[in-house]
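Step one of this worksheet: look at the structure below.
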Amino acid sequence: MFEENLSRYSPSSKAEEEILNLAESYYRDARYYLEKGDLFTAFGCINYAHGLLDALIKLK
């Protein structure tokens with residue numbers, strides 16, 4: 028779901044691009060921690076990634 032929403036978003040400023048990069052970083056972190064079996068940290072990372080992306084979408 029995150030990847031699908033991410034692919035639909037196109038940043039219109041440098042600030043939006045930086046926030047989008049942060050969201051992608053948190054998403055990668057979530058996948059890393061999930062692979063390591065650290066579900067608690069993975070859950071926190073993916074929620075933060077979704078929150079950043081949701082905020083960007085609401086700004087449009």
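Quick note: to get this note's numbering, add 27 to the position in the sequence shown (first position is 1).
Here a beta-carbon is modelled for each residue, glycine too, at the ideal position from N, C-alpha and C.
Given the structure is predicted, the values throughout are model-derived calculations rather than measurements.
- According to the neighbour-count rule (16 or more other Cβ atoms, all chains shown, within 10 Å of its Cβ), is L66 buried or exposed? In the sequence shown, residue 66 corresponds to position 39, counting from 1. Flag for L66 reads exposed.
- Item | Anticipated Cβ contact below 8 Å, N29 with A82, distance rounded | The residue given as residue 29 occupies position 2 in the sequence shown. The residue given as residue 82 occupies position 55 in the sequence shown. Here the sequence assigns Phe to residue 29, which means Asn is not the residue at that position. 14 Å between Cβ atoms; not a contact.
- Figure out for me which residue from R55, K85 and L86 has the closest Cα to the Cα of G71. Here the question's residue 71 lines up with position 44 in the sequence shown. That would be R55, whose Cα lies nearest to the Cα of G71.
- Query: Quick one: what does DSSP say S40 is sitting in, helix, strand or coil?
  - Reply: As a position in the sequence shown, residue 40 is number 13, starting the count at 1. Here S40 sits in coil by DSSP.
- Message: Which residue marks the beginning of the alpha helix (DSSP H) containing G78, and which one marks its end?
- Response: In the sequence shown, the residue the question calls residue 78 occupies position 51. L66 to L86 is the span of the alpha helix (DSSP H), which, as asked, contains G78.
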